[in-house]
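Student:
Right, dumping it as structure tokens:
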């Protein structure tokens with residue numbers, strides 16, 4: 017029931033509203049009226065007793081701890097209320113609901129939002145942001161030749177225009193040709209090393225950490241071995257008339 021206004025309470029006490037009229041006109045029961053009169057007699061005040069209710073589940077220090085957890089890193093910022101509640105319960109042994117998490121985050125100034133999607137890395141971006149600076153670094157006189165296979169993204173109109181605008185000279189690559197680039201062996205070795213990790217990567221940042229570690233763990237002898245295999249690869253391609261080879 018909606019709390020009575022001070023004006024209504026005064027009218028009840030001083031008789032301006034008859035008891036018999038109150039239930040119909042104001043929706044107030046006789047028990048409520050008797051409670052008001054009893055409180056006036058005991059406390060000499062018309063002010064109702066303050067309703068304390070249940071104490072908050074998270075006090076101010078706990079709210080700040082929750083806020084610090086969310087702002088700790090980008091991964092925590094992207095957690096939903098359900099996962100936050102699960103993590104909080106596991107760490108503090110204090111059961112808590114998603115709704116309570118949502119309410120307390122709002123109290124400390126953190127509201128739910130949808131992260132903005134970053135634009136995808138297109139072939140044109142890759143050429144302008146990575147290929148061009150790399151060629152300028154290793155071939156400052158502009159005599160570098162760029163090689164890539166015949167994957168569909170490499171030959172899109174956008175990618176072709178980006179290469180032409182940057183003045184990149186590309187190596188002609190026959191269709192249906194085998195990929196004998198030794199870097200493919202490096203990628204395969206790194207993938208195997210990453211798969212052997214336990215636990216497996218749970219996020220992009222962890223995957224990047226594993227990949228960097230795998231790259232650094234490959235011994236220089238392996239690179240030299242791949243480089244020395246290039247003459248054999250070329251001979252095998254020639255013998256196979258440009259068809260697939262066992263590399």
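Residue numbers (this note's numbering): 17 to 263. We put the CB at the ideal spot given by N, CA and C, even for glycine.
Within 8 Å (strictly less), CB to CB, does residue 195 reach chain C?
Tutor: The structure shown contains no chain C, having only a single protein chain.
Student: Alpha carbon to alpha carbon, how far is residue 145 from residue 153? Give it in angstroms, no decimals.
Tutor: 13 Å
Student: Tell me residue 176's beta-bridge partners as DSSP assigns them.
Tutor: DSSP output for residue 176 lists no bridge partner at all.
Student: At the level of alpha carbons, what is the spacing between residue 224 and residue 232?
Tutor: Approximately 12 Å between the Cα atoms of the pair.
Student: Which residues does DSSP pair with residue 186 in a beta bridge?
Tutor: Partner residues in the beta bridge of residue 186, as assigned by DSSP, are 162.
Student: In whole angstroms, what separates the C-alpha of residue 111 from that of residue 102?
Tutor: 8 Å
Student: Quick one: Cα of residue 40 to Cα of residue 47, how far?
Tutor: Interpretation of residue 40 is limited by its pLDDT of 48, a score under 50 that renders its predicted location unreliable; the figure taken from the coordinates is listed afterwards. Answer to the nearest angstrom: the Cα atoms are 14 Å apart.
Student: For my contact list, residue 210 and residue 175 are in at a C-beta cut-off of 8 Å; report their separation, rounded to the angstrom.
Tutor: Not a contact, Cβ separation roughly 28 Å.
Student: Could you check the C-alpha separation between residue 181 and residue 240 for me, to the nearest Å?
Tutor: Spanning the two alpha carbons is a distance of roughly 36 Å.
Student: Say whether the region 208 to 222 touches the region 189 to 197, bearing in mind that this needs 3 or more beta-carbon pairs closer than 8 Å, one atom from each stretch.
Tutor: no
Student: When the Cα atoms are used, what is the spatial distance from residue 96 to residue 201?
Tutor: 40 Å
Student: Taking 8 Å as the cut-off, decide whether the C-beta atoms of residue 198 and residue 246 are in contact.
Tutor: yes
Student: Could you spell out where the alpha helix (DSSP H) holding residue 142 opens and where it closes?
Tutor: From DSSP, the alpha helix (DSSP H) with residue 142 extends over 139 to 142.
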